Amino acid sequence: MHDIVPQQSPVWQHLEACIRQVVQGYGYDEIRMPIVEKTELFVRTIGEVTDIVAKEMYTFEDRNGDSLSLRPEGTACCVRAGIENGLLYNQIQRLWYSGPMFRHERPQKGRYRQFHQTGVEVYGLDGPDIDAELIMMTARLWKLLRLERLELQINTLGTSVARAAHREKLIEYLALHRDVLDEESVLRLEKNPLRILDSKNPAMQEMIEGAPQLLDYLDDESSQHFERLKILLDGVGIEYRINPRLVRGLDYYQKTVFEWVTTDLGAQGTVCAGGRYDGLVEQLGGKATPAIGFAMGMERLVALIEDRELAVPDSTPHAYFVLVGDSAVSQGLLLAEQLRNALPGLRLRSHCGGGSFKNQMKKADKSGAQWVLILGEDEIAQQQITVKSLRDGKPQTSLDSSALIQHLKEFVIV
């Protein structure tokens, strides 16, 4: 788990602002869930035999003897909140959320034990048009962030009927190659064979390439849904690659799955993963409800932004207010508020804590501010503020408060 220090915060703020701009532009509403849930929620949705539940969750017993867990992902929490608050029954909901998740994994670049995700979930719509909208939304975000070299991979998992037919043939095939399977794949063979197709083990790649593909077992409903999705993406010019090995191991996932991947982050190449999970709401006790969503890894997106040295909003003060003497402090803080009222975009840092004029000027320079505003006994007597440029050598000047507002307005976006 790591801190996000002030030097890093502007990139996070930029990313969060862009996400909020995009999701609100599509008419999505924010939902906020607690970071602690009953452990049973994740056992029911993710599966007791999965690594997340068996090895990676932070689970503890509270004073009442209940087993609680820090949330390892957001979809289950969102469905639980939707059911409990009556948001899903015979309704269409377009929701989004953002916040920390927790998994006890081996830390590496782009993977931390406390990490942050933004998730978007849609309930009550079963057509490929909403699948396409979510993909369009992510593509718009990458464009706004000016991120390149992201590849969209899509696949379909079909309906439960199609998956059952494929599963039977897949298990037969994998059983014939049991000697090639690694230990993890042997454990998945009966309970989660689809996940074996997603293995990155080099020794298994040739065998996986020859495995039966789910695309060959699709029923008419699944095929039509997938074909329509491709037509919609083609219509707006979003490029994609069909990846038949892109799967989800849990039964409530159906039809569309997609991921945005990059080669710029090493092993942790997926920055956004989504899919349709039409069976989950019913599995958690709600009425059968079509649903689709995606989650984005914020640390990975921050890394991409930092690697490209893209421009992010500047948090450096425009001006630093040097205040010399008790009278200057009281009058200066009042004037600073007036300046902020007149110029809402102004980043003004007022000196606090006293100190000599020389010491305050050193701190003004260290702050990175373009301008230093000086208020001392002489300025108070003349009802002026001394304005000095710290960066370009322009001569200093003295201005009254009205003239100072006009002067700063040239450099501040109001």
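Going by the working numbering, the first residue of the sequence shown is number 1251, and it counts up by one from there. Quick reminder that beta carbons are idealized off the backbone N, C-alpha and C, glycines included. As the structure is a computational prediction, the values presented were derived from the model and not from experiment.
Coarse secondary structure for residue i, derived from DSSP in three states
i	result
Met1307	coil
His1427	coil
Met1351	strand
Glu1401	strand
Gln1263	helix
Gln1581	helix
Leu1496	coil
Leu1337	coil
Arg1361	strand
Arg1417	helix
Arg1270	helix
Expected contact under 8 angstroms - CB spacing of residue i and residue j to nearest Å
i	j	result
Pro1601	Lys1612	One detail in the question is off: residue 1601 reads as His in this sequence, not Pro. With a Cβ gap of about 11 angstroms, His1601 and Lys1612 do not count as contacting.
Val1328	Met1283	Residue identity check: residue 1328 is Cys in the sequence provided, not Val. Their Cβ separation, rounded to whole angstroms, is 6 angstroms, which keeps Cys1328 and Met1283 in contact under 8 angstroms.
Asp1376	Asp1470	Contact doesn't hold; Cβ gap of about 15 angstroms is too wide.
Gly1524	Ile1333	At roughly 21 angstroms, the Cβ-Cβ gap does not stay under 8 angstroms, so Gly1524 and Ile1333 are not in contact.
Glu1459	Ser1348	Wrong, their Cβ atoms sit about 38 angstroms apart, outside the cutoff.
Cys1522	Leu1394	That belief does not hold up - the Cβ atoms of Cys1522 and Leu1394 are roughly 14 angstroms apart, past 8 angstroms.
Gly1582	Leu1625	5 angstroms
Pro1567	Ser1617	5 angstroms
Ala1389	Ile1542	Incorrect: roughly 16 angstroms between the Cβ atoms, too far for contact.
Glu1509	Leu1496	6 angstroms
Ile1655	Ala1592	5 angstroms
Lys1505	Gly1408	7 angstroms
Arg1356	Tyr1278	About 34 angstroms separates the two Cβ atoms, so there is no contact after all.
Phe1607	Leu1384	58 angstroms between Cβ atoms; not a contact.
Ile1630	Ala1578	6 angstroms
Within 8 angstroms, strictly: CB atoms of residue i and residue j
i	j	result
Glu1287	Arg1330	yes
Leu1585	Ala1619	no
Leu1291	Ala1382	no
Phe1352	Arg1321	yes
Met1548	Thr1368	yes
Val1261	Ile1635	no
Val1637	Leu1596	no
Leu1402	Tyr1503	no
Val1511	Arg1498	no
Leu1530	Thr1295	yes
Ser1472	Thr1406	yes
Ile1342	Gly1297	no
Leu1437	Met1454	no
Leu1391	Val1486	no
Leu1420	Pro1443	yes
Gly1423	Pro1378	A small fix is needed here, since residue 1423 is Tyr in this sequence, not Gly. Taking 8 angstroms as the Cβ cut-off, Tyr1423 and Pro1378 do not qualify as a contacting pair.
Pro1563	His1264	yes
His1427	Leu1464	no
Gln1588	Ser1651	yes
Val1622	Val1574	no
Ala1569	Leu1551	no
Met1457	Arg1363	no
Asp1557	Arg1399	no
Trp1346	Glu1418	no
Glu1323	Ser1317	no
Glu1306	His1354	yes
Where the beta strand (DSSP E) through residue i begins and ends
i	result
Phe1508	1504–1511
Ala1677	Lying outside 1251 to 1664, the shown extent of the chain, residue 1677 is not represented and no answer is given.
Val1255	Taken as a continuous stretch (DSSP letters only), Val1255 belongs to no beta strand (DSSP E), as it is neither H nor E.
Val1372	1364–1373
Thr1409	Element bounds for Thr1409: n/a, residue is neither H nor E.
Leu1318	1317–1320
Extent of the continuous alpha helix (DSSP H) to which residue i belongs
i	result
Glu1675	Outside the displayed range of the chain (1251 to 1664) lies residue 1675, so it cannot be described from this structure.
Asp1379	1378–1395
Heavy atom of the ligand MN within 7 angstroms of residue i beta-carbon
i	result
Lys1505	As for the ligand MN, it is missing from this structure, which has no ligand bound.
Contact with chain C by residue i, beta-carbon distance below 8 angstroms
i	result
Asp1650	The structure shown contains no chain C, having only a single protein chain.
Taking only runs that begin and end inside the region 1531–1571, name each unbroken alpha helix (DSSP H) of 4 or more residues, in chain order.
-> 1548–1557
Residue ranges of each alpha helix (DSSP H) run of no fewer than 4 residues wholly in the region 1588–1661, ordered along the chain?
-> 1607–1616, 1627–1632, 1651–1659
With a floor of 3 residues, list each beta strand (DSSP E) that falls wholly inside the region 1423–1493, ordered by position along the chain.
-> none
Within the region 1272–1297, ranges of the alpha helix (DSSP H) (whole runs, at least 4 residues) = 1289–1296
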